[in-house]
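S.K.: Supplied in structure tokens, the structure appears directly below.
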Amino acid sequence: MVCVVSRTGRQFQRYNKGRRQVVGLKTSSDGIVSDEFEVLVISSQKGHALMFPKGGWELDESIEEAASRESLEEAGVIGDVERQLGKWDFLSKSRGTFYEGLMFPMLVKEELELWPEQHLRQRMWMKVDEAREACRDWWMKEALDVLVHRLSSPPPSVMKPMEEDKTVPLISIC
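So for the sequence shown, the working numbering puts the first residue at 8; every next one is plus one.
Following this line, the structure appears as structure tokens:
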């Protein structure tokens with residue numbers, strides 16, 4: 008059983024030069040870019056758009072803790088947050104203010120049956136091209152492109168294992 012404190016309100020959230028800082032999540036089924044590569048998308052709270060999990064970064068947590076918390080609250084997944092994909096400035100459609108989006112891939116270790124926002128959102132696994140088409144936000148599409156590029160170009164120091172690993176890692180962007 009996982010115990011989580013879901014947070015509400017914005018009184019403890021981080022801002023940079025007047026821009027609210029948000030973190031988000033994205034996910035893959037095999038860690039290798041191919042026809043089988045998939046990412047996790049969620050519906051918006053009103054259900055009209057698809058996106059990657061994201062939300063406010065609070066003062067009492069590291070950025071990785073915030074990304075992990077948001078992925079749990081919104082998508083019901085748990086895993087290891089990896090190296091940041093990038094930072095994007097974007098205009099909030101609902102609030103008309105600028106935000107700073109910091110996105111991270113996450114190696115998903117568990118997909119929960121019950122999570123805090125399960126009655127507000129749907130989660131779906133999609134192939135990269137489908138997710139890119141379905142995702143409403145340009146900056147999230149760019150984060151997906153960065154992830155695909157990163158997975159397509161492993162660093163030269165990474166050696167291929169002698170035997171193929173039979174486990175299927177899931178990668179999520181938060």
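All C-beta atoms in this analysis are idealised placements derived from N, C-alpha and C, irrespective of residue type, glycine included.
Just so you know, these numbers come straight off a predicted model, no measurement behind them.
If residue 109 and residue 91 are in contact, beta carbons under 8 Å, what's the gap, nearest whole angstrom?
M.R.: Residue mapping note: residue 109 aligns to position 102 of the sequence shown, counting from 1. Residue mapping note: residue 91 aligns to position 84 of the sequence shown, counting from 1. With 8 Å as the limit, residue 109 and residue 91 qualify as a contact, their Cβ atoms being about 6 Å apart.
S.K.: When the Cα of residue 24 is compared with those of 50, 55, 142, 96, which residue comes out closest?
M.R.: Locating residue 24 in the sequence shown gives position 17, counting from the first residue. Out of 50, 55, 142, 96, 96 has the C-alpha closest to the C-alpha of residue 24.
S.K.: Measuring CA to CA, which of 156, 62, 111, 125 is closest to residue 86?
M.R.: In the sequence shown, the residue the question calls residue 86 occupies position 79. Looking at the Cα atoms, 111 is the closest of the given residues.
S.K.: Whole angstroms are fine: how far does the CA of residue 93 sit from the CA of residue 59?
M.R.: Residue 59 sits at position 52 when you count from the first residue of the sequence shown. Residue 93 sits at position 86 when you count from the first residue of the sequence shown. Rounded to the nearest angstrom, the two C-alpha atoms are 14 Å apart.
S.K.: Given 8 Å as the limit, is there contact between the segment 47 to 61 and the segment 117 to 137, that is, 3 or more CB pairs closer than that?
M.R.: The segment 47 to 61, when compared against the segment 117 to 137, does touch it at the 8 Å Cβ threshold.
S.K.: I believe residue 113 touches residue 180 by the beta-carbon criterion, under 8 Å. Please report the beta-carbon distance rounded to the nearest angstrom.
M.R.: Mapped onto the sequence shown, residue 113 falls at position 106. Mapped onto the sequence shown, residue 180 falls at position 173. Yes, residue 113 and residue 180 are in contact; Cβ-Cβ is about 7 Å, under 8 Å.
S.K.: Considering only DSSP beta bridges, list what residue 87 is partnered with.
M.R.: Residue mapping note: residue 87 aligns to position 80 of the sequence shown, counting from 1. In DSSP, residue 87 forms a bridge with 114.
S.K.: What separation, rounded to the nearest whole angstrom, lies between the Cα atoms of residue 7 and residue 132?
M.R.: Absent from the model: residue 7. The displayed extent of the chain is 8 to 181, so no value can be given.
S.K.: Put residue 71 into one of helix, strand or coil per three-state DSSP.
M.R.: Position 64 of the sequence shown, counted from the start, is the residue given in the question as residue 71. Looking at residue 71 - three-state DSSP - the assignment turns out to be helix.
S.K.: Please report whether the beta-carbon of residue 140 lies at a distance below 9 Å from any beta-carbon of chain C.
M.R.: Absent from the structure is chain C; it holds one protein chain and no more.
S.K.: Around the Cβ of residue 1, are there at least 16 other Cβ atoms within 10 angstroms (buried) or fewer (exposed)?
M.R.: This structure gives no information on residue 1, because the portion of the chain shown stretches from 8 to 181.
S.K.: Just how far apart, CA to CA, sit residue 56 and residue 67?
M.R.: Counting from 1 along the sequence shown, the entry for residue 56 is found at position 49. Counting from 1 along the sequence shown, the entry for residue 67 is found at position 60. If I take the Cα positions, the gap works out to 30 Å.
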